[in-house]
Each structure stands twice: as structure tokens, then as C-alpha cells.
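Number of protein chains: 2
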Amino acid sequence: MHSFTEENYLKTIYHLSQFTASPVQTNAIADGMKTRPASVTDMLKKLSDKQLIDYIKYQGVTLTEKGKTTAVGIVRKHRLWEVFLVEKLKFKWDEVHDIAEELEHINSALLVERLDEFLGFPKRDPHGDLIPDQNGFFEPVQNIHLHEMSCGNKGVIIGVSEYSSAFLKHLERLGLTIGIIIEIKEIADYDGSVELLVDGRKINVSREVTQHILINYK
Amino acid sequence: MHSFTEENYLKTIYHLSQFTASPVQTNAIADGMKTRPASVTDMLKKLSDKQLIDYIKYQGVTLTEKGKTTAVGIVRKHRLWEVFLVEKLKFKWDEVHDIAEELEHINSALLVERLDEFLGFPKRDPHGDLIPDQNGFFEPVQNIHLHEMSCGNKGVIIGVSEYSSAFLKHLERLGLTIGIIIEIKEIADYDGSVELLVDGRKINVSREVTQHILINYK
DNA sequence: AAAAAATTTTAGATTTGTCTAAACATACAA
DNA sequence: TTGTATGTTTAGACAAATCTAAAATTTTTT
């Protein structure tokens, strides 16, 4: 078995490699793990010894199959527990991330499958993220961030890419929750803030916010 | 916050002090924690520094109020999670102990209270152990072990004091589960094995088994 | 292509929890 | 009450995960 720390490194590397095809760099991992680059280097050696990552000095890392399987397993647990907390225990979507960070390390394959069944095999978690199935598969996503869209574009809010309570509460106050249909009315040259049409109302959101909203856009 | 290890020490000390009024000894803790006496001594110093135990060299330890509160909190979580696993996820009573050992360290007061509510404020866990309430209170138990009873005595199986899957499966095979009424027909001088009357049938159980069955006997 | 900047790694230290072996304290028995 | 057995603590080491400071490598700039 792997330590919590090892699991967290794998998860961080997994999430970082979602955004790029190239190897994940030490500094990026250090940021994600809120630790120092020197500590990351130490851990990369260990994960490499355990065949969980391919590591080339100074070049960065990629997950091996074994590493990816482990990482996806943790992501699956995290998202299932989030569904449990919201659906069964009446938590709000901004309250569950930190608790799920702990629960994701509970080690029992049977538990995960029973939980999945108990929850009715949910497809997405409360933040709109897809839940990998028992074999680690899930349809590749082709969402784009709101800030990548252009004037006149329409779409549906399908998820977020930031899970802090502060951010999620802010979205809720703005009425920008999952499933909401939005249309881009104007993008300010000055600060990148965006005017949205939501449910007939006009709403102004900062660039900061647009960078963390995922849109299902075709 | 306390580390998992610290929490496990506190829990072990708590359980050991259930059986005796006198201070808990280093070797007993080492047994319970499956570690060495020298390691226990190191940890006792740390717990003492944190005011979780009263520790006198060579004499043993007792929990402080703070230590007891912490320990009971962990026991509460353990037992609530066991109920969840059996009642909601359809685990068997012999499958839940190890998973609950992990879940008991999840850190969220709100989670515990929501879980309690979700489960309908259960009074006992699947092994018959009482679940402390939110304030750590629970009626003092006056169960006795089956091996402490005499010929002709009757009682109800109210719990167990051993949680291994092997033991619990054995009980189930014998039909000795919680709520079952038993009567002692005979106690063998030779090996301490006991003949029980259960539901009209006669059953013979080893002394080993009688030492881990708790009876509500008045 | 050399210099400067950014990134990454090494070296050496620290903390937590563990260990073995040896010393120390207490209990008990002759 | 002295000796032996049992139980406990100290001393010194080790592994995991982290850190700072310095050295090494790669990338970017001029």
C-alpha cells in the first residue's frame, strides 16, 4: 500500500497532467502539494522506485499505467464520497471538498463498490466532475473554461475547476450553479471581466471567476 | 489536532482502563498497539506533554479529562461508521471493524453529527457496543462475560469483546448473535467449555468463546 | 555563444514514530 | 532482605517526509 502522502502526490501529478501532454514539472507539483521543490524531488525518486511514475531528472514526470490506475482510484473515491456527503448527509457543495480529501484515502475496494451502488452509480460529483467507473474509465471531457469563449457564445455550466468554499459560495450568490444556461454578452478589454445573460438577467463576473467555470459548449 | 498514532494510543488506553480502576501499564499498551514497550514510553511522554494523560514513570497512565474526551470521540466515530457500513452498505458484522478503524480518524465534527442523524441516532453498534452521545455520555454498562456466569443462569447476548472476523463468523455459525437468549446447562471442569441451551437446542462452546461474549444478566 | 534567469537537484538537518540493546526500577519469593 | 524475575525507561539508530542553503542543469536573453 501507499502512504497518504504518496497518494496525494500521485493525485496532484494526475490533475496536472490533465492540462498538458508534456511531463509534469517539479515546481508545478510543489505548488500543488504546497511544499518545496526539494521535497518534491525526494518524493519523485521514491515514486519512481515504486514504478508509479516515469521520472527523468530535470525533465519532469509522467504517470505509469500503475500510477495512473492508483491516481484514478483516488479520484473515484473522492468524488463518490462528495456525492454521499451532499446527497445523503445534506452537506452543501462548498463544504465537501476537504472532508473528501480525507475520505479518499480509506482503503477498501469493497467499500468503494458498495458506496457506488448505495448512491445509485452516480455519473458526476456535486461540482460536475465525472466519476470514473470501477475500471477507471470515464468519457474524455471536452469542456472549455468560460474565459476561453467569445461574445455571443452560449453554453451550459457543467462544472468548476476550483473547489474552495469561498469561490463556490460566490458562484451560488451569483446564481451560477451547475446546469445553468449562460450567454456571453460582452467581454471587457480593460480587465477581462465578462457580462453574462443568465435566465434573462445580466450578470457581471470577474476574469478570476471565468477562469474556474467549465462550460459544455458545442 | 492529533496524529492517527496519537489517537490510536488514546483509544487503546481508554479501552484498557475500562477493565480496571488502576493506571494502565506500558506493556499492556504495547500489546494493544502491537508495538514495543520502548516505543510506548516515547509516546507516553508526548501525550503527557500534550496533557492528554497523567503519566508517572514506572507507574502507568490514566487519561485526563481532555484525553478521555478525545478517546470517547474516536470510539463514537468508530461505532457510528460501523452502523453505517452494516445498515446502509450491507456489510456483515464481521467485515466492518478494520474499515471503521480507518474511518474513525476522519476529522469533522459536522460529519459525525450528520452521520448520527442519518442513521437515526443509533444506541448500539453491530457488535452490541454502546454509542456515546454527542457529549460523550453513555449509560455505564453492567454486562458480564459468559464465562463469569454459573450453571442455571439465563441471559441475553448483548455484545462481544473481540472483533476479529474469525471469531464473529464462528459465533454466527453457532447461532450466537446479539439478542439471542441463552441458558447455562453445564460447565465442564476439565476445559471450562460450556453447554448452552439456545432456542431449545443444546450447544457446546469453548472457554475461549465464553470469554468474549457479553451477557445482559439480571 | 556567453551571460543571466529560472528550474531542479544535492547535501545536510529536523521531526515523528519506530526499533534493539542495555540500564534501571519494582515486585516477589526464598 | 537479598536475589531473581518482571516491567519500564534510556540511549542510540533508522525510515519517512519535510526543510534551507548551495550546487547543478536547463532555458532564455542579449
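Line by line, the protein sequences give chains A and B.
Under the UniProt record's numbering, the first residue of the first sequence carries the number 1, and numbering increases by one thereafter.
Under the UniProt record's numbering, the first residue of the second sequence carries the number 1, and numbering increases by one thereafter.
Ideal Cβ positions, reconstructed from N, Cα and C, are used throughout, including at glycine.
query                                                                                                              : result
Contacting residues, own chain, Cβ-Cβ under 6 Å from A/Pro37 (five flanking each side not counted)                 : Thr26, Asn27 and Ala30
Buried or exposed by the 16-neighbour rule on C-beta atoms within 10 Å, applied to B/Lys154                        : exposed
Against chain B: residues of the region 69-84 of chain A by CB proximity under 8 Å                                 : none
A/Lys11, buried or exposed, once every other Cβ within 10 Å from all chains shown has been counted against 16      : buried
Residue from A/Leu115, A/Lys123 and A/Leu44 whose Cα sits closest to the Cα of A/Ile56                             : A/Leu44
Beta carbon proximity, A/Asn8 to chain B, threshold 8 Å                                                            : no
Range of the contiguous alpha helix (DSSP H) that encloses B/Leu10                                                 : Phe4 to Ser17
DSSP bridge partner residues for B/Arg79 (one or two, in chain order)                                              : In DSSP, B/Arg79 forms no bridge with anything.
Which of helix, strand or coil DSSP assigns to A/Lys66                                                             : helix
Among B/Tyr163, B/Gly175, B/Asp42 and B/Gly32, nearest to B/His15 - alpha-carbon criterion                         : B/Gly32
Interface residues of the region 92-109 of chain B facing chain A [CB-CB below 9 Å]                                : Glu95, Asp98, Ile99, Glu102, Leu103, His105, Ile106, Asn107 and Ser108
First and last residue of the uninterrupted alpha helix (DSSP H) at B/Gly32                                        : Thr26 to Met33
Alpha carbon of A/Glu183 to alpha carbon of B/Asn107, nearest angstrom                                             : 41 Å
CB contact check: A/Phe118 to chain B, cutoff 8 Å                                                                  : yes
Burial state of B/Leu110, where buried means 16 or more other Cβ atoms lie within 10 Å                             : exposed
Short CB-CB distance (under 8 Å) between A/Leu168 and chain B                                                      : no
Local conformation of B/His127 per DSSP, three classes                                                             : coil
Contact with chain B by A/Lys11, beta-carbon distance below 8 Å                                                    : no
Span separating the alpha-carbon of B/Thr69 from that of B/Asp133                                                  : 12 Å
Contact set between A/Lys88 and chain B, taken where Cβ atoms lie within less than 7 Å                             : Phe118
Closer than 7 Å: B/Asp189 CB and nearest the ligand ADP heavy atom                                                 : What this structure holds is no ligand at all, so the ligand ADP is not there to describe.
Beta carbon proximity, B/Leu115 to chain A, threshold 8 Å                                                          : yes
Distance between B/Asp125 and B/Asn100 (C-alpha atoms, nearest Å)                                                  : A quick correction: the sequence has Ala, not Asn, at residue 100 of chain B. Rounded to whole angstroms, B/Ala100 to B/Asp125 spans 11 Å at the Cα level.
Below-8 Å beta-carbon distance, B/Leu171 vs any chain A residue                                                    : no
Sufficient close CB pairs (3 or more, under 8 Å) joining the region 2-11 of chain B to the region 60-77 of chain B : yes
Option nearest A/Leu103 by Cα separation, candidates A/Leu171, A/Leu85 and A/Leu197                                : A/Leu85
Integer Cβ distance of B/Leu52 from B/Val83, believed to fall under 8 Å                                            : 27 Å between Cβ atoms; not a contact.
A/Lys45 (DSSP reduced to helix, strand or coil)                                                                    : helix
Exposed unless 16 or more other CB atoms sit within 10 angstroms - verdict on A/Phe91                              : buried
Distance CB(A/Leu174)-CB(A/Val194) smaller than 8 Å                                                                : no
Inter-residue CB distance, A/Leu214 and A/Gly159 (contact presumed, cutoff 8 Å)                                    : 4 Å
Residues bridged to B/Glu139 [DSSP beta-bridge criterion]                                                          : BP columns for B/Glu139 are empty, so no partner.
Closest by C-alpha distance to B/Arg76, when choosing among B/Ala188, B/Ala166, B/Gly136 and B/Pro140              : B/Gly136
A/Leu176 versus A/Lys123, A/Pro122, A/Trp93 and A/Arg114, residue with shortest Cα-Cα distance                     : A/Trp93
For A/Val61, three-class secondary structure by DSSP                                                               : strand
Given B/Tyr190 as reference, the closest of B/Ile131, B/Arg201, B/Ile180 and B/Arg207 once Cα atoms are compared   : B/Arg207
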